[in-house]
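Top line first, the protein sequences correspond to chains L and A.
Just so you know, we're using our numbering here: the first sequence kicks off at 1 and counts up by one.
Just so you know, we're using our numbering here: the second sequence kicks off at 1001 and counts up by one.
So the structure is just underneath, and the comments pick up after that.
There are 2 protein chains.
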Amino acid sequence: MSNTSGQADLIVHARWILPIEGDEKTLNHHALVIRDGLIIDLLPSADAERRWSADEVLTLDRHALMPGFVNAHTHAAMNLFRGLADDLPLMTWLEEHIWPAESKWMSEQFVHDGTRFAAAEMIRGGTTCFADMYFFPDAIARASVEAGLRVTVFSPILDFPTPMGQGPDDYLKMALASHDTWRYEALVNVGFGPHAPYTVSDEPLQKVVTWAEELDAPIMMHIHETAFEVQSAQESTGQRPLARLHQLGLLSPRMLAVHMTQLTDDEIKLVAETGTSVVHCPESNLKLASGFCAVEALRQHGVNLALGTDGAASNNDVDMIGELRTAALLAKGVAGSADALPASAALEMATLGGARALGLDQQIGSLVRGKQADVIAIDLGAVETQPVFDPLAQIVYAAGRSQVTHTWVAGRCLMADRELKTLNEARVLRDAHAWGEKIAGDK
Amino acid sequence: MSNTSGQADLIVHARWILPIEGDEKTLNHHALVIRDGLIIDLLPSADAERRWSADEVLTLDRHALMPGFVNAHTHAAMNLFRGLADDLPLMTWLEEHIWPAESKWMSEQFVHDGTRFAAAEMIRGGTTCFADMYFFPDAIARASVEAGLRVTVFSPILDFPTPMGQGPDDYLKMALASHDTWRYEALVNVGFGPHAPYTVSDEPLQKVVTWAEELDAPIMMHIHETAFEVQSAQESTGQRPLARLHQLGLLSPRMLAVHMTQLTDDEIKLVAETGTSVVHCPESNLKLASGFCAVEALRQHGVNLALGTDGAASNNDVDMIGELRTAALLAKGVAGSADALPASAALEMATLGGARALGLDQQIGSLVRGKQADVIAIDLGAVETQPVFDPLAQIVYAAGRSQVTHTWVAGRCLMADRELKTLNEARVLRDAHAWGEKIAGDK
């Protein structure tokens, strides 16, 4: 066996390690060995001390070490609209608040600043990779690289003009250009983000399928978000959106179908058969009263599940630990069964499930030799998470975002002991505050 | 007007004050003036500086000041069982895990240590008053007084023997003794806690009604927690539990009906007509798949709603900010309406609603002149809660428990800048850890 001893960049000894993949759910007193951004070993601490030396050795004796969270659906820049308009029905919220605010403020600068601001919150909450779907994908990618986060940017495709472009051909061209721009940046991937069945017509969707196959890129789309969406489509076309998308060839392992609160048994089977991933956004679905996603039924059919916070304008944060808890709790209520979506399945959804959905599971999503060192540490020593009978369940059901102490992406430290390393927290806060003042002043 | 100027004990200037009662939901740049444990004024900071002097003046310029949370249903000592058994159906969880653990470990010492441990978590999370229902009420009260928290202890009543007593007459005697013991302790109230319709028969329930009226004490009971409970009662007696309790005279403004996930329209009307309070425990109901409480329908009927975390063995914390968010989100999903249980109603439920349920709304639950100074401060300056368009919605939808910086009960400071003042955090943690080791070692 190679790589079983020698010199490394970083060794982290932790009270517990949750690898997510492998035979053991929880390893006690183990160490993770990192070199050149990769995990090169995972072994008992006592053995690690004998076999490995490293430039930096960290001992986290009240902590659980696990893969960073993969936030599989967000609109990060909307962090600047957090709390702008709450407790409103979806269409009032969109038409009277969000769309006017977007048309007033949308720019590359807004998206860059908003994404960087959200990146600070993501790093503080243990997210190491996010899937974003918003205007100006290059600005998203730039802010993300600045923060050191891993991102898949889903370049938006719509039938109509926006501050970003004129129409579908324009958007498609921009998506291809972004894909080209970022092809040599290891932390950035670019996919296609046709907004929703009701905002993108057949022709651009067919082009998206063709290009996504050509470039081996993922596709993300809001699908069956509300009963209204499904009903309107049925009334105007006689067809449910999912059936139409299937006919167009969109349902496949490269599709991340977001929300999916309205699914018949046959549709659940179709999703499973086509290898489509479902991105569950429980807090957004609750807050906008969109409906309940049948998470446990999807899981029982073997569908790959990922977890997303959605944008902070609707949910109102990018807190994956909070989202994870809501997902684990809500799945039980919806299934009417206390053993639905157990803690380990919820944690997998928030990590490896997201990686699979993005086609990145060979690189991230679990702590396995050869994968990228996208890793976080959570301190379970606080009053709120003692005593510890099962660290995995403790993270899902009791830990809070403020207990994340360290965040690494590809072995690079983005936060240590709650201190941001790549971003200047004071500056990020100052920018967010300034944007807030401008937006509030205009209301 | 009296009390409009002079010498006070403490003045707190805050960026925002949320009084919960009164014309304004949010006051900007106001000050709260406290003397002898009471709120004696609430006025613009500029006026406060002119009119009042105080031994201590605190300026919290990124914070929202609000009444402390009233956790209207918990079993605090169960914090020591946090995470002992998760993802299990209710009866398996109770019969194979919780009851065996309780019968093995239950003692006055366990309840005292567990309650004190939970008190540390409550103070850190901004809870100033809690309603507890567990064995050994005097141990609960002692731990609570030690922590400086306000408590209403619901002394348990059951048909069968437990480590605490022999049977209903024994339990009733103990409740009366506890009521007598704590009558001169301002922070402690004692009520009656008949466990559930299926564990207490008619005769002791009639005695509870008689005694509660005599002593003007509240009654708390788990009611219609699951469909199984209601169905079993119907099968064995031909009657739904709520109808039986109504016949026995239990439904009244002194009753706190906990859970209530199974309610017909007529039952909702009955609850409203009788002035019964409903204590909603959304996370416990989800995690144990008990069902969904029709919170918005109850609210539309004018029912007083309170919020409880339930015990940490089932939910798994005593975090009122988390519970508040879950309640506000879930109510929308259940009602199918994004304007159900808006942020201000959710916040009222978590404060004044709980105070009303406990019959303490003349003393606590809002920041009003003459009420007890049970107050908390929440720092909204962090990345997770910026920008601030509406501080009230920000607390409900974005703030986390770790952003609570100060907690006062009756004007006494229990936490300042996250540092516990009445409890020794290291000692509390050491005790909890030691109990955890014992319990885990025995598994």
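The beta-carbon is built from N, C-alpha and C at its ideal position, and this holds for glycine as well.
Keep in mind it's a predicted model, so treat the numbers as computed, not measured.
If you check the CB distance, H1073/A and A1131/A come in under 7 Å. The beta carbon of G165/L lies closer than 7 Å to those of Y171, M174 in the same chain, with the five residues before and after it left out. For H224/L, the three-state secondary structure derived from DSSP is coil. When Cβ-Cβ separations below 7 Å define contact, L60/L makes no contact with chain A. For W1435/A, the C-beta contacts it makes with chain L under 9 Å involve P387, in order along the chain. Of all alpha-carbon atoms in D169/L, D86/L, M78/L, E95/L, the one lying nearest the alpha-carbon of R116/L is that of M78/L. Contact annotation: K332/L and K1438/A have beta-carbon atoms that are not nearer than 7 Å. As computed with DSSP, I1034/A is found in a beta bridge with L1010/A, I1039/A. When CB distances to chain L are screened at a threshold of 8 Å, the residues of the segment 1338-1357 of chain A falling below it are A1338, D1339, A1340, P1342, A1343, in chain order. Counting along the chain, the unbroken alpha helix (DSSP H) around H112/L starts and ends at 108-124. Within the segment 1273-1323 of chain A, the runs of beta strand (DSSP E) that reach at least 3 residues and sit entirely inside it are, in chain order, 1277-1280, 1305-1307. Among the residues of the segment 267-288 of chain L, those with a Cβ less than 8 Å away from any Cβ of chain A are E283, N285, L286, K287, L288, in the order of the chain. CA-to-CA, the gap between D319/L and M415/L works out to about 16 Å.
With a 10 Å radius around the Cβ and a threshold of 16 neighbouring Cβ atoms, A1434/A comes out exposed. In the three-state reduction of the DSSP assignment, I376/L falls in the strand class, which pools E and B. In the three-state reduction of the DSSP assignment, W182/L falls in the coil class, being assigned neither a helical nor a strand state. In the DSSP assignment, A147/L falls within the alpha helix (DSSP H) that extends over 137-147. Of all residues in the segment 1414-1426 of chain A, those with a C-beta nearer than 8 Å to a C-beta of chain L are E1425, reading in chain order. Here the C-alpha atom of H301/L lies approximately 21 Å from the C-alpha atom of H222/L. Burial check for R1082/A: the Cβ neighbour count within 10 Å reaches 16 or more, so the residue is buried. Excluding its 5 nearest sequence neighbours in each direction, W408/L has C-beta neighbours in its own chain below 6 Å: A373, V375, listed in chain order. Below 8 Å, enough C-beta pairs join the segment 255-266 of chain L and the segment 221-237 of chain L to call them touching: three or more.
Counting only runs of 3+ residues, no beta strand (DSSP E) is found wholly inside the segment 325-353 of chain L. Contact annotation, E1121/A with D1317/A: C-beta distance approximately 7 Å; criterion of less than 8 Å satisfied. Note on geometry: alpha-carbon atoms of G1354/A and E1024/A lie some 21 Å from one another. For the segment 83-105 of chain L, the residues whose beta carbon sits under 9 Å from a beta carbon of chain A are, in order, G83, L84, A85, D86, D87, L88, P89, L90, T92, W93.
The Cβ atoms of T1128/A and P1391/A do not sit closer than 7 Å to each other.
According to the DSSP assignment, W1099/A belongs to the alpha helix (DSSP H) that extends over 1099-1105. Take H29/L, set aside five residues on each side of it, and the residues of its chain with a beta-carbon closer than 6 Å to its own are S45, in chain order. Residues N71, T74, N315, V318, E323 of the same chain have their beta carbon placed closer than 6 Å to that of T309/L, with the five preceding and five following residues left out of the count. Straight-line measurement puts the Cα of G1238/A at about 44 Å from the Cα of A399/L. In the DSSP annotation of this structure, T261/L is not part of any alpha helix (DSSP H), being labelled neither H nor E. N1285/A is classed as buried because its beta carbon has at least 16 other beta carbons within 10 Å across all chains shown. Closer than 7 Å to the CB of K1332/A there is at least one CB belonging to chain L. Measuring C-alpha to C-alpha distances from R1050/A to each of T1422/A, I1020/A, A1014/A, Q1007/A identifies Q1007/A as the nearest. Secondary structure note for S1053/A: its beta strand (DSSP E) is the uninterrupted segment 1052-1067.
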